[in-house]
Amino acid sequence: MRTEIRRSTWVKPLLSVFGGTAERSYVDIEGDEIHVRFGWLFDERIPLSRVTSVERARWPLLGGLGWRTNFVDTVAVVGSYDDVVRIRLAPAQPMRVLVRVPTETLYVSVEDPDAFVAEVRRRIASRVS
1 MRTEIRRSTW VKPLLSVFGG TAERSYVDIE GDEIHVRFGW LFDERIPLSR
51 VTSVERARWP LLGGLGWRTN FVDTVAVVGS YDDVVRIRLA PAQPMRVLVR
101 VPTETLYVSV EDPDAFVAEV RRRIASRVS
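Heads up: the sequence shown runs through residues 1 to 129, numbered per UniProt numbering.
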């Protein structure tokens with residue numbers, strides 16, 4: 001299952017400067033992993049075995065848009081304040097956002113959050129069964 005990273009119309013020109021175009025901004029559930037790509041600056045593969053939960057979430061206005069991190073345990077690739085999902089990981093997975101961040105929580109804005117959450121949950125459940 002593949003879904004584009006949701007990008008608000010007003011921020012698309014800025015994101016495109018860093019490769020955040022429709023073709024380079026997606027989340028793809030491929031086999032036993034989630035592939036998240038957001039332009040040239042973010043390209044990570046997350047094993048489904050590390051996903052402990054996935055749910056819809058709110059992204060704070062002060063959090064900003066684009067490639068975000070707290071440099072401790074959270075990474076976000078958000079092109080919109082709407083339709084954000086939170087993916088929790090254990091153990092933490094190193095992800096590159098300028099530097100490697102041991103990521104326990106990843107926020108992503110996606111075009112179809114309900115379908116994405118349902119598909120990840122389905123795959124996690126089938127792995128456990």
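The beta-carbon is built from N, C-alpha and C at its ideal position, and this holds for glycine as well.
Residues of its chain near residue i, where Cβ-Cβ distance is below 7 Å and the 5 sequence neighbours each way are ignored
| i | result |
| --- | --- |
| Arg7 | Leu15, Gly20, Ser25, Gly79 and Ser80 |
8 Å Cβ cutoff met for residue i and residue j
| i | j | result |
| --- | --- | --- |
| Thr74 | Ala92 | no |
| Arg2 | Leu48 | no |
| Trp10 | Phe38 | no |
| Ile29 | Val120 | yes |
| Val101 | Phe71 | yes |
Straight-line Cα distance separating residue j from residue i
| i | j | result |
| --- | --- | --- |
| Ile5 | Ala76 | 11 Å |
| Asp114 | Val85 | 9 Å |
| Phe18 | Leu89 | 27 Å |
| Trp59 | Phe116 | 17 Å |
| Gly31 | Leu62 | 35 Å |
| Arg50 | Ala22 | 27 Å |
| Phe42 | Thr69 | 12 Å |
| Val108 | Val97 | 14 Å |
| Val27 | Ala118 | 14 Å |
| Lys12 | Leu65 | 11 Å |
| Asp112 | Ala57 | 13 Å |
| Ala125 | Pro94 | 24 Å |
| Trp40 | Arg127 | 31 Å |
Burial state of residue i (16 or more Cβ within 10 Å)
| i | result |
| --- | --- |
| Val54 | buried |
| Val99 | exposed |
| Asp83 | buried |
8 Å CB neighbourhood of residue i in its chain, flanking five on each side removed
| i | result |
| --- | --- |
| Glu33 | Arg45, Ile46, Pro47 and Leu48 |
| Thr105 | Asp73, Thr74, Val75, Arg86, Ile87, Arg88 and Leu89 |
Strand pairing of residue i, partner residues [DSSP]
| i | result |
| --- | --- |
| Gly79 | Arg7 |
| Phe42 | Phe38 |
| Ser25 | Phe38 |
Cβ neighbours of residue i in the same chain (closer than 6 Å, five flanking residues each side left out)
| i | result |
| --- | --- |
| Thr52 | Arg88 and Ala90 |
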